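These protein sequence lines map, in sequence, to chains A and B.
Here the numbering used here is used: the first residue of the first sequence is 1, the next is one more, and so on.
Here the numbering used here is used: the first residue of the second sequence is 1001, the next is one more, and so on.
Beta carbons are placed, not taken as given, at the ideal position from N, Cα and C, and that holds for glycine.
What you are looking at is a predicted structure, and each value in this text was computed from that prediction instead of being measured.
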Amino acid sequence: MINELIYVYCIAVNPPGLIDELKARGLKSIEIGQFNVLIKNVPEIEFSEENLKQNIADLRWLEANAREHINVIGMIMGYTSVIPFKFGTIFKTLESLEKFISVYSGSLLENFEFIKGREEWAVKIYCDRKALSKHIDELSETAAALEKQIMASSPGKAFLLQRKKADLIENELDRICKERGQSYFSELAILSEANSLNNLLPKEVSGRDDTMILNASFLVNSDKVSHVKDIFIKLGSREVNSSFHIEITGPWPPFSFISINEKTQ
Amino acid sequence: MNENVIDRSRDITILEVLDRVLNKGVILTGDIVISVADIDLIYLGVKLMLSSVETMEKLKSGMH
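(1) Flag this pair as yes or no: are the beta carbons of Val220(A) and Arg118(A) separated by less than 8 Å?
(2) Quick one: is Gly78(A) near chain B, going by C-beta distance under 8 Å?
(3) Who are the neighbours of Ser1061(B) on chain A, taking C-beta pairs under 7 Å?
(4) Under the rule that 16 or more other beta-carbon atoms within 10 Å means buried, what is Asp1019(B), buried or exposed?
(5) May I ask which residues mark the beginning and end of the beta strand (DSSP E) holding Glu49(A)?
(6) Any idea what DSSP makes of Asn199(A), helix, strand or coil?
(7) Considering only C-alpha positions, which residue in the set Lys157(A), Asn261(A), Leu94(A), Ile246(A) is nearest to Ser29(A)?
(8) Under a three-way DSSP split, which group does Thr142(A) fall into?
(9) To which residues of the same chain is Ile258(A) closer than 6 Å at the C-beta, ignoring the five residues directly before and after it?
(10) Scan the region 7–35 of chain A for residues whose Cβ lies nearer than 7 Å to a Cβ of chain B and list them as they occur along the chain.
(11) Grouping DSSP H, G and I as helix and E and B as strand, with all else coil, what is Pro84(A)?
(12) Go ahead and pull the three-state DSSP assignment for Ser217(A).
(13) Starting from Lys92(A), find everything on chain B with Cβ-Cβ shorter than 9 Å and list it in chain order.
(14) Can you give me the start and stop residues for the beta strand (DSSP E) that Lys124(A) sits inside?
(15) Would the region 130–146 of chain A and the region 1014–1031 of chain B be scored as touching if the rule is three or more Cβ pairs under 8 Å?
(16) How close, in whole Å, do the beta carbons of Glu138(A) and Ser217(A) come, if the pair is a contact with beta carbons under 8 Å?
(17) Using the Cα positions of Val103(A) and Ile1027(B), report the straight-line distance between them to the nearest angstrom.
(18) Hey, Ile101(A) and Phe47(A) are a contact pair by Cβ (cut 8 Å); roughly how many whole angstroms apart?
(19) Nearest by alpha-carbon distance to Glu179(A): which of Ile70(A), Ile125(A), Ala64(A) is it?
(20) Return the bridge partner residues of Ala12(A) from the DSSP annotation.
(21) Under a CB-based cut-off of 8 Å, is Asn198(A) close to chain B?
(22) With a CB to CB cut of under 6 Å and the five nearest residues on each side skipped, what residues in its chain are close to Met77(A)?
(23) How would you write the range of the beta strand (DSSP E) that Lys229(A) sits in, first residue to last?
(24) Leaving out the 5 sequence neighbours to the left and right, which residues in its chain are closer than 8 Å to Leu201(A) when beta-carbon positions are compared?
(25) Determine contact between the region 230–245 of chain A and the region 179–196 of chain A, defined as no fewer than three beta-carbon pairs at a distance below 8 Å.
(26) Looking at chain B, is there any beta carbon in it that lies within less than 8 Å of the beta carbon of Ala66(A)?
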C-alpha cells in the first residue's frame, strides 16, 4: 500500500502462533530467509520521522504504543523464541528489511543461540532509608560506638555529637545500601548466564518513596528459574528488618541480552 | 503456551515498560530505518509526574 511503513516488533525462528487477537491488530508474520519477522504496516501520518518525533512527546501516545509493543512481543514469546526490537523501529521499505535480515542473519542466529532455553528476569531492590536508619546501631559499628560516646557525654557535647551522628548515618546508609545491592547482584550473577546492570532510577521515575539500590536484569537457564527464585527468597529472608523491598519480575522478552546495535547503510 | 510476565501482570507500570523497550533490543539507526532517539527516562519520569499531577488537578476542578 502506498505511504505505508513497516513497524518491526520482533524476529522469531519458528512461525509464531498468530492468534486472532494479533491478526485483528493488523499484525503480520512474514518469512524472510529462515526467520519470521513480526510486523505491522503503519501509516506515514503517524510514523514518519517527523511525525514519530512529535508523537513521542505526547505521553498518552507513547504509553499506548510502548505497551502495544511489549504486549505483542510478550504474546509471540508465549509461542516461540523472540529477538525483540527497540520500540519504534520502522523500516521504510520491505526491501530494506529483507536486506537487513540477510546481512545480519549470522548475528541473528548467534543471538538466538545465546538466548535459547534462557529467560530474562529483572530484579529491582529498594531501600527504605528511614526504616533502615532505625537499626543503624546494629548495622554499623561506627554508629554504635558514636552512640555510646553520646550517652556518656554532657548535654552540650552530646548535642554536637548528635549532629555528627546524623551525617555519619547518611554515609553509613549509603555504604550499607551499596553493599547490599552488590551482594544481591553477585549472588544472582553466579546463578545466571549473563547479566545487565541498568541505571538506578530516582524516586521521580520509580514513583516510590524508597530508594532504588539495584536495577539489574539476569539471563537465567529456564530449568534453573525456580531454583534461582528460591535462593532469592532465602536471601530476602535473611534481612533483619523490613527496610529492603525486593522485586523480581519475569520472564521478560530478552531485551537486555540482544547484541545488535548497528548503524545501517 | 508459556506464561510470561506480560500475560500475568496487567498492571505493569508504564515506567517498567519504558525501562525495557526504549533503549534495548535490536537497536538500528541509519538511512533505511526511522527510529526513536534515546529518551532519558529520568527526564521522562519528571514529565510523567507532572502530567499525572496535571490530570489530578483537572479532575479536581471538574475539567476533563
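Looking at the atomic coordinates:
(1) yes
(2) In terms of beta-carbon proximity, Gly78(A) lines the interface with chain B, with at least one pair separated by less than 8 Å.
(3) None at all; the shortest Cβ gap to chain A is about 20 Å.
(4) buried
(5) First-last for Glu49(A): 49–56, but that is the alpha helix (DSSP H), not the beta strand (DSSP E).
(6) coil
(7) Leu94(A)
(8) helix
(9) Spatial neighbours of Ile258(A) in its own chain (CB-CB distance under 6 Å, excluding positions within 5 residues in sequence) are listed in chain order as Ile83, Asn111.
(10) none
(11) strand
(12) strand
(13) Going along chain B in sequence order, the residues near Lys92(A) (Cβ under 9 Å) are Asp1031, Ile1032, Val1033, Ile1034.
(14) 118–127
(15) The region 130–146 of chain A vs the region 1014–1031 of chain B: no contact.
(16) So it is not a contact: roughly 32 Å between Cβ atoms.
(17) 15 Å
(18) With a Cβ gap of about 20 Å, Ile101(A) and Phe47(A) do not count as contacting.
(19) Ile125(A)
(20) Asn36(A), Val82(A)
(21) yes
(22) Closer than 6 Å at Cβ, skipping near neighbours: Pro253.
(23) Per DSSP, Lys229(A) belongs to no beta strand (DSSP E); it is in the alpha helix (DSSP H), 225–237.
(24) These residues qualify, in order along the chain: Met212, Asn215.
(25) yes
(26) Taking 8 Å as the CB threshold, Ala66(A) lines the interface with chain B.
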